[in-house]
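Beneath this line is the structure, given in structure tokens, with notes to follow.
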Amino acid sequence: MKIAVLGGTGLIGSQVVRLLSDHGHEAVPLSPSSGVDLLSGQGLDDGLKGADVVVNLTNSPTFDDKSPDFFRTTMDNMVAAAQRQGVGHAVILSIVGVDQVPGLDYYRAKVLQEDILKAGPVPWSIVRATQFFEFVPAVLSWTSDEHTVRLPATPVQPLASADIAAEVAKVSVGAPLNGYRNVAGPEVFTLDELGRIALEANGDHRPVVVDPTAGMFAAVPGDALIAKGDAHLAATTFGEWLAAKK
1 MKIAVLGGTG
11 LIGSQVVRLL
21 SDHGHEAVPL
31 SPSSGVDLLS
41 GQGLDDGLKG
51 ADVVVNLTNS
61 PTFDDKSPDF
71 FRTTMDNMVA
81 AAQRQGVGHA
91 VILSIVGVDQ
101 VPGLDYYRAK
111 VLQEDILKAG
121 PVPWSIVRAT
131 QFFEFVPAVL
141 SWTSDEHTVR
151 LPATPVQPLA
161 SADIAAEVAK
171 VSVGAPLNGY
181 RNVAGPEVFT
191 LDELGRIALE
201 ANGDHRPVVV
211 DPTAGMFAAV
221 PGDALIAKGD
231 AHLAATTFGE
241 WLAAKK
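The sequence shown begins at 1 in full-length UniProt numbering and counts up by one.
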């Protein structure tokens, strides 16, 4: 199959391209460096020409109230080009529980992205994932100083980016779901607990203080980010991922 991967040079996209290529598919990474600008639409028709599947792994450059405009524009451009080029399957990556967190601009923007795909003419699949292990350092940095890290006790179920990339690749080569595939990590932590584990693994002795107002995830109600029902549980634990990094 020929599979066009928008955002194919990023954290998830580069792994998806490699996995698809290793399995004999023609995986084509599309990004501004290859002449494809999803915001303007430039190069998009050429990039999708002859593709059986388009996978959109691009992300808004901000998490604020500008993110809805990014997803509205890029999805409108992608869906229109996919229809013109006769692409038979469109896949996007979203977030487990994304429709349960109306207090976050970025999560509302991702719901908009999903809605545009579902309302379009191209058969679709949405892979919803929990938070990535790779983003834990960034989350810690949002609400920390040289002495203390402040985090809410929000329940999270994180996973390795390699595990979600494998699931995206699998969905991409299958029949369109016209529905969702939820993927989550094998363990549930509170965010403050996860922060303590990550800091200890890095030899960082700053204390983690529970602060229900700290950072983006403070707006998450209850266990909204925990996978429910028939979610696929990834194999890699946080401890295994940390050990592999050393």
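The beta carbon of each residue, even a glycine, is placed where N, CA and C say it ideally should be.
The structure displayed is predicted, hence computed values, not measured ones.
*Cβ shell of Val101 (< 6 Å), same chain only, five flanking positions each side left out*: Taking the first residue of the sequence shown as position 1, residue 101 is located at position 101. Once the five neighbours on either side are set aside, the close Cβ partners of Val101 are Tyr107, Val220 and Ala224.
*Return the bridge partner residues of Arg128 from the DSSP annotation.*
On the sequence shown, position 128 is the one that residue 128 refers to. In the DSSP output, where bridge partners are listed per residue, Arg128 has Ser94 and Asn182.
*Going by alpha carbons, who is nearest to Ile3 out of Leu233, Arg72 and Ile92?*
Here residue 3 is taken as the residue at index 3 of the sequence shown, counted from 1. Selected option, being the one with the closest Cα: Ile92.
_Out of Asp22, Gly8, Thr62 and Phe132, which one is the CA nearest neighbour of Gly47?_
Taking the first residue of the sequence shown as 1, we reach residue 47 at position 47. Nearest of Asp22, Gly8, Thr62 and Phe132 to Gly47, Cα basis: Gly8.
*Distance CB(Gly10)-CB(Leu57) smaller than 8 Å*: Position 10 of the sequence shown holds residue 10. Position 57 of the sequence shown holds residue 57. Yes; because the gap between Cβ atoms is below 8 Å, this pair is in contact.
*Below 8 Å on the Cβ atoms is my guess for Leu151 versus Asp211; work out the distance and round it to an integer in Å.*
Along the sequence shown, one-based indexing puts residue 151 at 151. Along the sequence shown, one-based indexing puts residue 211 at 211. Indeed, because the Cβ distance is near 7 Å, the residues count as touching under 8 Å.
*Give the secondary structure of Glu26 by DSSP, where H, G and I count as helix, E and B as strand, and everything else as coil.*
As a working note, residue 26 is residue 26 in the sequence shown. Strand at Glu26.
*Output the distance between the C-alpha atoms of Val156 and Val98, rounded to the nearest integer angstrom.*
Counting from 1 along the sequence shown, the entry for residue 156 is found at position 156. Counting from 1 along the sequence shown, the entry for residue 98 is found at position 98. Rounded to the nearest angstrom, the two C-alpha atoms are 13 Å apart.
*Have a look at Ala138 and Phe132 and give me their C-alpha separation to the nearest angstrom.*
To locate residue 138, count along the sequence shown from 1; it is residue 138. To locate residue 132, count along the sequence shown from 1; it is residue 132. Going from the Cα of Ala138 to the Cα of Phe132 covers about 11 Å.
*So what's Arg118 in DSSP terms, helix, strand or just coil?*
Position 118 of the sequence shown holds residue 118. The residue asked about is misnamed: residue 118 is Lys in this sequence, not Arg. Lys118: helix per DSSP, three-state reduction.
*Tell me whether Arg150 sits in a helix, a strand or coil according to DSSP, three-state version.*
Start at 1 with the first residue of the sequence shown, and residue 150 comes out as number 150. Looking at Arg150 - three-state DSSP - the assignment turns out to be strand.
*asked:* Tell me whether the stretch 194 to 208 and the stretch 161 to 181 touch, counting them as touching only if at least three CB pairs, one residue from each stretch, are closer than 8 Å.
replied: Contact between the stretch 194 to 208 and the stretch 161 to 181 is absent, because fewer than three Cβ pairs lie under 8 Å.
_Quick check on the burial criterion: 16 or more other C-beta atoms within 10 angstroms. Buried or exposed for Glu240?_
Residue 240 sits at position 240 when you count from the first residue of the sequence shown. When all chains shown are included, Glu240 counts as exposed.
*Would you say Met78 and Leu6 are within 8 Å of each other, going by their C-beta atoms?*
Within the sequence shown, the letter at position 78 stands for residue 78. Within the sequence shown, the letter at position 6 stands for residue 6. Contact flag set, yes.
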